[in-house]
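To start, the structure under review is shown below, and the notes come after it.
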Amino acid sequence: MIRRPPRSTQSRSSAASDVYKRQMDFKGHIELTQGFCYPLSILDDHSRFLVGLFALANQRADPVHACLKDCFQIHGVPEAMLMDHGTPWWSTTNGWGLTWLSVDLIRQGIRLYHGRIAHPQTQGKKVERFHRTLGRELHQEAPEPSLAGYAQACENIQQRYNYVRPHEALDMAVPAARYRPSPRRYDPCPPEWEYPAHVTVLRLNSQGVLPYGSRRYFVCEALPAEWVGVQRVADLLLVSFRHMYIREIDLRTGRSRAVLHATSQKV
Numbered sequence: 400m401i402r403r404p405p406r407s408t409q410s411r412s413s414a415a416s417d418v419y420k421r422q423m424d425f426k427g428h429i430e431l432t433q434g435f436c437y438p439l440s441i442l443d444d445h446s447r448f449l450v451g452l453f454a455l456a457n458q459r460a461d462p463v464h465a466c467l468k469d470c471f472q473i474h475g476v477p478e479a480m481l482m483d484h485g486t487p488w489w490s491t492t493n494g495w496g497l498t499w500l501s502v503d504l505i506r507q508g509i510r511l512y513h514g515r516i517a518h519p520q521t522q523g524k525k526v527e528r529f530h531r532t533l534g535r536e537l538h539q540e541a542p543e544p545s546l547a548g549y550a551q552a553c554e555n556i557q558q559r560y561n562y563v564r565p566h567e568a569l570d571m572a573v574p575a576a577r578y579r580p581s582p583r584r585y586d587p588c589p590p591e592w593e594y595p596a597h598v599t600v601l602r603l604n605s606q607g608v609l610p611y612g613s614r615r616y617f618v619c620e621a622l623p624a625e626w627v628g629v630q631r632v633a634d635l636l637l638v639s640f641r642h643m644y645i646r647e648i649d650l651r652t653g654r655s656r657a658v659l660h661a662t663s664q665k666v
């Protein structure tokens, strides 16, 4: 169960653009009597409010997507999301890049950011710090070694973390006192994207390959038959999907690399 967020006492005039950013990560795995538990945490970057804490049976994209939809429908859609290179949201098998889950986040207008590979300290200020707390809290909860037991423990921990436990980084306030839900609503059917006039719009084929001139270049298999924006800068092609640059192609060598940067256009 996800508790409805409190009404914020913070004035709108004091809200900054970084208020509606979140971090998401798994905390390893926990061995159960049968199978494993993978705690998934979704943390508000501004207030440290724990938007979601879920006990999942695996790290596949489907259950993660369901958790995110629940969070978006209750807490609104964030402007940005910081993640590591975990397999639900970053593909290591399709030339490195987007998965269908990360594509869905982009469709919601979310700017995606990934920490450096093998550098968990990128998220150390918030979600990695929370995971140390989570480890201690789970030890104290001592749940029965089942998925249901850990689901109840996660619910208890989320309640205490948000509404009871004071945080030194918040001047000993609780996260609920600083938290503000995002006003952006979840849209199950996002409208088609309108690329700027200076961007060439081309369609990928069913394998996520871009036809350009007389050649074809791989972009992303998670975007079959999607329209993308293409900009040429000297001998490089910058390929964007909606508001995110996703691929850089060297026209001299034909090589390409995955990139993930927000474009300058607003969502």
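Converting from the sequence shown to the numbering used here requires adding 399 to each position, the first position being numbered 1.
A virtual CB, placed ideally from N, CA and C, is assigned to each residue, including glycine.
- Burial is judged here by how many other beta carbons sit within 10 angstroms of a residue's own beta carbon; Glu-536 has at least 16 and is buried.
- Scanning its chain for C-beta atoms nearer than 8 Å, with the 5 sequence neighbours on each side dropped, one finds around Gln-551 the residues Pro-542, in chain order.
- A Cβ-Cβ contact shorter than 8 Å links Arg-583 with Gly-475.
- DSSP, read as helix, strand or coil, puts Lys-420 in strand.
- His-513 is positioned such that its CB atom lies closer than 8 Å to that of Leu-659.
- Contact check for Ala-454 against Leu-500 fails: the beta carbons are separated by 8 Å or more.
- Under the DSSP assignment, Tyr-549 falls in the alpha helix (DSSP H) whose first and last residues are 546-562.
- Taken through DSSP and simplified to helix, strand or coil, Leu-650 comes out as coil.
- Taken in chain order, the complete beta strand (DSSP E) segments of 3 residues or longer contained in the segment 441-516 are 449-455, 479-482, 510-513.
- Three or more beta-carbon pairs drawn from the segment 462-474 and the segment 439-453 are found closer than 8 Å, and the two stretches are therefore classed as touching.
- Following the DSSP letters along the chain, one finds Pro-574 inside the alpha helix (DSSP H) bounded by residues 574-577.
- Taking the Cβ atoms as the reference, Ile-505 lies roughly 6 Å from Arg-641, within the contact range of under 8 Å.
- Looking at the DSSP output, Arg-584 sits in no beta bridge, so it has no partner there.
- The residue from His-484, Leu-449, Val-563, Pro-589 with its alpha-carbon nearest to that of Arg-528 is Leu-449.
- About 6 Å separates the CB atoms of Trp-626 and Val-600; that is less than 8 Å, so the two are in contact.
- Within the same chain, Val-600, Gly-628 come within 7 Å of Tyr-594 by CB-CB distance, once the 5 residues on both sides are set aside.
- Taking all protein chains in view, the Cβ of Asn-604 is surrounded by fewer than 16 other Cβ atoms within 10 Å, so the residue is classified as exposed.
- Restricting attention to Ser-581, Phe-435, Pro-487, the CA atom closest to the CA of Asp-444 is found in Ser-581.
- When Asp-586, Ser-663, Glu-567, Asn-561 are compared, the shortest CA-CA separation from Pro-574 is found for Asn-561.
- Just so you know, the alpha carbons of Ala-572 and His-566 end up roughly 6 Å apart.
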